[in-house]
Amino acid sequence: MSSVRSSLVPKIPTFETWSKQFRGKTPRNLPRCTIADVETAEIGFKRLRQHTKWTNVQLAELTAVEIYPGLGVWTSALFNGGFNSIYSLEPNVPYYKQIKSLADKSEGVIRPLKKDGYDWETYVELKDKAYLGSLMTRAWNKVNQNIFFTGTLPKSSKGEQLLAQFATCIVNKMALHSMGRIPMALWIPDQLYEKFTASRGSKARCKMSVVTEACAEIDLIYSTQSNAMYPKELYHLVYILPRPIVKIKADWDVFEYVLKHLFVMQRFSLNKVVRTLGPGADIILDRLSFDTNIQICDMTAEQIDQVAIKFDQWPLRPQVLIEDSNPRSLE
Amino acid sequence: MSLPLVRQATTGNRNVLLRQYTKANSLSLRQRLATTTLPFDRRCASTQLTRSISSTPSALSAASALAETPHHPSKVSYDGKHIILPNPSRPAFKQAAKVLPSGISEQFAILNACIQTGAMDRAERIMNELYRNRTEEMKIFVDAQIFNTFLNGFVQGNKPQANDCLAWFDRMVSYGITPDANTYAILVKGFLKMGSYHTARMLLQDMRKNTNNQMMDVVKSDFLAPNEVKGFRQLITESQNSNQVEVQELLRELELAADNVLGSESSSTVADKNTRTSPAVIAPTTIYENIPEARPMDAIGVKFLQEQLSALQNSEEALKMDPFDLQMALEKQGYEVALQRLVHMREASKERGDTLNALHLSPLKKNMWDWHEKVIPLLKEEIEKCVNIKGKDVERRSYGPFLTLLPVEKLSIITILELLRLHNSSGIADGMKTARAVIDVGKAVEMEYNATYMKRNNKGLRGGYNIQNMSANGKEFNMAVQKALNKQQEDEAATEASISMDNKNDGVQSSDIWNPVWPSSIRAKVGSVLTSLLIESAKIPVPSYNPDTGEKITEHIPAFFHTYQYVRGKRVGIIKFSDQLTQLVSKEPLRDTLHPRLMPMIVHPRPWLHYNDGGYLTAKSICMRIKDSPEQQIYLHKASENAKIDHVLKGLDVLGSTKWRVNKNVFDVVLEAWNSGEAVADIPPAITEAIRLPEKPSDYDTDPKAKFHWVNKVKEIQNMEKNYHSLRCDVNYKVETARAFLNLPMYFPHNMDFRGRAYPIPPTLNHLGNDLCRGLLCFDEAKPLGESGWRWLKIHMANLYGYDKHSFTERERFTVENMDNILDSVDNPMTGQKWWLQAEAPWQCLSACYEVAAAVRSGNPLEFESRLPVHQDGTCNGLQHYAALGGDMAGARAVNLAPGDRPADVYTGVADLVNKLVEQEAEEGNEDAILLKGKISRKVVKQTVMTNVYGVTFIGARAQIENRLKERGDIPQERVYSLASYLAKKVFSSLGEMFNGAQNIQDWLTDSARRIARSVPKDTLQETGILPFDSPEQEQRFLARVENEKMKSRKNGKKVTKTFSARNPSANQMTSVIWTTPLGLPIVQPYRRTGKKQVTTLLQTVFIEDPDLSRPVNAMKQSTAFPPNFIHSLDATHMLMSAVACYEKGLTFASVHDSYWTHACCVDDMNEVIRDQFIELHSQPIMENLHAEFMERYKDYRLPNSEEVDQTDKAVTKTKKRASSSKSAKSAATAASPVSAENEALFGLADMQLDEENGDEDDDDLDLDLVNNDVKADEDDKTSSSKKYRYNWVELAFAPLPKKGEFDINQVKDSDYFFH
DNA sequence: GGATTTTCTACCGACAATATCACTACATACTCG
DNA sequence: CTTGTATGTAGTGATATAAGTAATAGAAAATCA
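Structural data, given as structure tokens:
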């Protein structure tokens, strides 16, 4: 109830010391970027608050889950913003220590956890009563008022993979989103942001952006300026609000199969590409409600969903949609 | 001293073979004949094994006219006579190798296709364009052969354009190409055809006056068909009235020549010969237009084919046919036969008209026929489009000409069969990679084109079959040949007509005619057209319904469809079978979809005359399997040209001369097992119902992890299913192949991998295949067992069962004691005790059971006529060679080079040694050791010991051992990994201990290869300004050349000169490791960095190696692969030597690399041969020769070197991390690297200091520095603060050879278990 | 030139990534002087 | 008619693609600043 918290200021090392002490030497957590500028975090949060129109009361009800806090700059901003509590998931030891020391000054609001936001188990564990279990909601017509998910995505394939999985999880109400319609705000590296938010027709249009379009509303909140990140990178803070009704009606596995195959040749027309779905799959063209002479990259999520549905209903569709892509060598 | 004898004998024998297959006027052949038609007394080879023979003149010259150093009679190698070519980075290499740049080779292929299809306007355009845009390259690559073929195109058809021909002739001369006799033959032919006798005469007169070409050569030209030669006679008649002396002279010469070719009586046959060949003069397109839709062959052809058809279906019938005709037909008309089978079925059932039989008609065949009929109009349409190209349709221009090379019917059936054949290839379930498919289809078209239109072999064969004495197994061959000849005489007209039917070239085909290989890009493009048309038209009707309306409909599902898969994030284009097609294919035996090409032969393969001439009767094949490496090809070519590889070819001929048959007893059991659908031995069970998928876990919908694992499980199951399926398919193909040859003899033409190891060319069923294949095959010829044969048969029986680590006596007893089991296996193979199924090699065991049982029951085993091949296997053959090379006592004993009472088993030996070490450490309290104590079996270490020869690294060995330990199951899973690490170390150290000599040699080989692969020719360094030129003249020459190049490539003058320094030389490392085997085969390691390019095809782009890109070597691969390759080249040498020697002794011989087979009764003889040859081989200083060859081959090469410079500015030379690098993880675990150890001892005292100013060159001592590694100095340097490195180039030299041990190779002679 | 990051990790038989975009050089069309 | 400019295009090189790289380590080559 104390909206007046003593504000927390994280210690920010110089770039050189950061390089030495924090930048992971192992290729495991290779390009972990972290916000290294208090002002960026503060403005970011301010904008976010404007956008979400959170009241102090609402904030006081909200538990934030933050992945990859890094130096804890964003964590501090969240703390200062007045969240009820903040689970800060940091697997990397030097960072974890940094978060721990912040937490010690946070009167128990910041709760550092040595978990990796990338690991699937993490979300199973978060479901435990001790963490978020009590805050779960079933209904999807309403946004979960108690959980807020945030963090800084690594600029790596893992980061990209993670983001894509968030999107699928929203669609399928899995992992984090098995706990309700949880809003998210993520710091995303520029390139990934482009892909994540690419609209139809854009050059960056890809599978992920279709899924995203189908399952969430995305808003750009703020972008980092010059030296806000260690190492210097352009990041965007993005607010992700899952839709009450996801636009994908088809069976997810079918949808994914269709999506994957269509996007092989995204600048070709559906008329042609549809054949790669299965032998004789062009028969479903007539059963679609839109002009099928359309480039794949120009299709909306709904249109692709419709293709998936019609494909699924097609009696002669290939039964096996799981493709073994890993030809593992035999002895 | 048997080797020189062998050499002589071989040469003599080749001579015989040669003459049979030789066409007298082949140029390359002339050269060969020069070396082979030397006086030679056959009796020498078979009877008098005198020592002096190797120094007789005949033997010397027979061996090689080029061998100039015959002073060491025992030597096999031709000292100083290696094929040495410039480094591929040098311009000189391009000149010598004539490796076409990819753009040119494509254009050439297209050009040739245009010529062959009569599209001369297009051909002219291409010629013009090439000469305009690629002037320089054309100067290098175009020769008279190419130009002749081009010129011939003008005068070929029924509308000869002799004047155009003449115009191009002038241009030919102006391009600096010297016309030869062929050129004149073509020109004259053209004018004769047009009736311009005057011009023709003028041309010949011109030739006589101005050139050295002989009239005889003109008339004998391959470009002239017999009836065209008769045209020359016409010329004589027409010119009789001329009074000029010159003309008279000319005519006399001409007459003489014509008589020589045609025979003087030929004038009487002119009329009927002409009528016979005249249909072929009709333009190709018209021929095929007249063909009735359903019957692509004309009347005679159909009759002929149906004969073969019935022959193939009923192999009893086939026996009655002439085998030569059958083989010819199989090769030349395999696709027609396949097609005819479809037609035949269809017509037959139609005729009967009853639906009952229509039901019996295989649905797959019905569909295939349907596709065939549907794709043909599409093909015709496409061809039409290609003919009338509007605008610049680049794609159509590049594949169009190829589509008319073959009749559309053939294109269609080729495509269908190829796609069916590729089912499940490249690890794709129910499909294939697009790249593979389109390239293979293209290749199949090319091969079919070659087979159909390359008449030369046919001509040569027919003409060349003279009745000569051949050695033992050649006799039957000759009988067949004789029969063929007789038949040919009776039946000549029909046969000729049926063959000449598809011959568009007036019967003109020969090696003088240019026939460029199609580059992969062309193959891919051509293949993609056919494939995509087939995809478009091949459909299967399937009942279905419209889910929206519920209305019942029939969908026409494409049998194949093009799609993509992602493999680790990368797109891979694939062509998949539809489920319906998969169903069809899996339901019926693959009998009628059996691919007609590359089947076993039913007559003796054509001996290898040349590196690319032998094997099948008509198919153009090459004796070595080349990997996208022009370098390999050119070395082989040069060696062949210089008669260096005759011995090797002879060896291959011997392997190909072994006559096989299907073991009917085993076949019946296999069939029964197969039809039962159960798993028997290595035949997997038929999957009747889909395997049930595992239950989805409860958290499947909420936890991605759960889902992931479930999906993985499903994938695993699918994978298993796929493997089962493709395994069953494989068995299906093998069984069907065997069935096709049930009553026919089989020969396997052989070729080699690039190290010289021999392989049968037919891929599905051969004696190198798995147990099933081997069980299905036996020698065709039977030989009475006799005392020793009976003994060996029993031993062999035990071996196959897996009882092969005991003494021969024990093994013999094993068989005797198991006689009841053996008889039961024979009497009730599928219902009895099934003893044979427990054998290590069940099918072969069963095969042996039949043999043993039959022998026993015959009443007198000693007289039993046995066909079973009995094997003698080298015990760890690689290590045997290593031990022999190193003279390594302990090693020699361990692999049975030295005699012993019972076979030594390396694997057990290593296991014992490791066990000892482990026990020792267990007592010392080592936890790993305690856990492993007593658990180290032979099996655990076997794979690692085996692969050690191949240079397995620590990581690989650890993985192997890990797997073995996991299998055991008595070790806690989580400890397995660390235990495997521990054990791998122990195994390596034990190996190092046991095979110290091998280790040393292996390390030396690795090190030497590494140096070679990193080295650069001096010239290159000079030209890049790194080293000074030797002389101003050299510099001048270089500058001139550069200037010249600049002029040439002014257009694309963006020459990026890559940074070139001793520090980072990898981009310029162009030197591959090359050596010559003791039999004279040059071996080039092909490992280079891949230079793939995307090629656009109709279906998708395809990623293909760009051949003209000279790419830097993969130095690591070069060095790690060298030891195994070298050893394999030696074991291949030993095998080929043994093969030839066995042949000389009249033994039937077959081999699987290091397992040698012969009749039971001949095992003793073969054993002697094996040992003699091994001793012969290893009596030579192989390592010294290799070293010497390297020194010669890589003379003037420079090696990048880095040396440390200390503060006092005095260079302390040493290689930075270099010398020690040769002992990789592996040898690090063993004794210290012998290379450095040796040198430490030898050169440790040498003065390492070097004047840095002229350190770059001329310092002969530098090579020592490379090797030496002064440990103490290293330690000093660690303390020194400032390290400076200097990079420079030193002369390439090699470490001293490891010292050879005391083992006397002659002991092998007395080692019973050397091969056993 | 020194340091860091990536890439291997057993030989041969038997190979194989592809769509798309940005950019360049070249050819053609068109226009203007 | 020539020349210059705009436009179109064939050819080339770069880049993204998918996605739990199930575990492990160590040297050599490639890349980077």
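Which chain is which? The protein sequence lines are A and B, in order.
Taken in order, the first sequence gives residues 1 to 331; the numbers are from full-length UniProt numbering.
Taken in order, the second sequence gives residues 1 to 1316; the numbers are from full-length UniProt numbering.
No residue lacks a Cβ here, since even glycine has one placed at the ideal position from N, Cα and C.
Here the structure is a predicted model, which is why all the values come from computation and not from measurement.
Limits of the unbroken alpha helix (DSSP H) element including residue i
i, result
"R47/A", "V38 to T52"
"H750/B", "From DSSP, H750/B is part of no alpha helix (DSSP H) but of the beta strand (DSSP E) over H750 to M752."
"S990/B", "Q973 to M994"
"K539/B", "Counting along the chain, K539/B falls outside any alpha helix (DSSP H), though it belongs to the beta strand (DSSP E) covering K539 to Y545."
"F577/B", "First-last for F577/B: K570 to F577, but that is the beta strand (DSSP E), not the alpha helix (DSSP H)."
Backbone CA spacing between residue i and residue j [nearest angstrom]
i, j, result
"I147/A", "P183/A", "8 Å"
"Q488/B", "D325/B", "With a pLDDT of only 42 at Q488/B, under 50, the local geometry of the prediction cannot be trusted, and the value read off the model is given with reservation. Distance between the alpha carbons of Q488/B and D325/B: 9 Å."
"K1018/B", "Y1197/B", "5 Å"
"V247/B", "N152/B", "25 Å"
"R317/A", "I248/A", "19 Å"
"T593/B", "L417/B", "6 Å"
"residue 346/A", "V529/B", "No answer is possible for residue 346/A: the residues shown for chain A start at 1 and end at 331."
"D291/A", "V211/A", "21 Å"
"A1231/B", "K1299/B", "Because A1231/B carries a pLDDT of 34, less than 50, the predicted location of this residue cannot be relied on, and no value is offered for it."
"L48/A", "L419/B", "59 Å"
"N665/B", "D1165/B", "28 Å"
Closer than 9 Å at the beta carbon, the chain A residues around residue i
i, result
"A429/B", "V320, E323 and D324"
"P704/B", "W120, Y123, Q165, T168, C169, N172, M174 and A175"
"H562/B", "R275 and T276"
Closer than 7 Å at the beta carbon, the chain A residues around residue i
i, result
"F1103/B", "Per Cβ cutoff of 7 Å: no residues; F1103/B is ~15 Å from chain A at best."
"S542/B", "Note on residue identity: the sequence assigns Val, not Ser, to residue 542/B. In chain order: L316."
"Y545/B", "P315"
Selection from the options that minimises the alpha carbon distance to residue i
i, options, result
"T531/B", "V567/B, V542/B, T434/B and P596/B", "T434/B"
"R5/A", "I110/A, I218/A and D286/A", "I110/A"
"D1312/B", "E923/B, P899/B, A980/B and I717/B", "P899/B"
"P401/B", "V337/B, V648/B and V526/B", "V526/B"
"V441/B", "L403/B, I428/B, G427/B and E228/B", "L403/B"
"M1070/B", "P91/B, K81/B and P363/B", "P91/B"
Closer than 7 Å at the beta carbon, the chain B residues around residue i
i, result
"R287/A", "D548"
"V264/A", "Y564 and R571"
"P279/A", "I557, P558, F561 and S578"
"I296/A", "Ordered by position in chain B, no residue passes the 7 Å Cβ test against I296/A, which lies about 13 Å from the chain."
Element boundaries [beta strand (DSSP E), containing residue i]
i, result
"P1082/B", "P1082 to V1084"
"E217/A", "A216 to S223"
Exercise. Does the stretch 946-964 of chain B come close enough to the stretch 1024-1040 of chain B to have 3 or more Cβ pairs within less than 8 Å?
Worked result: no
For this session: Tell me, please, whether the stretch 1086-1104 of chain B touches the stretch 983-993 of chain B by the rule of three or more beta-carbon pairs shorter than 8 Å.
Result: no
Problem set entry | Three or more C-beta pairs below 8 Å linking the stretch 1121-1128 of chain B and the stretch 536-554 of chain B | no
Exercise. Do three or more CB pairs link the stretch 756-775 of chain B to the stretch 701-718 of chain B at distances below 8 Å?
Worked result: no
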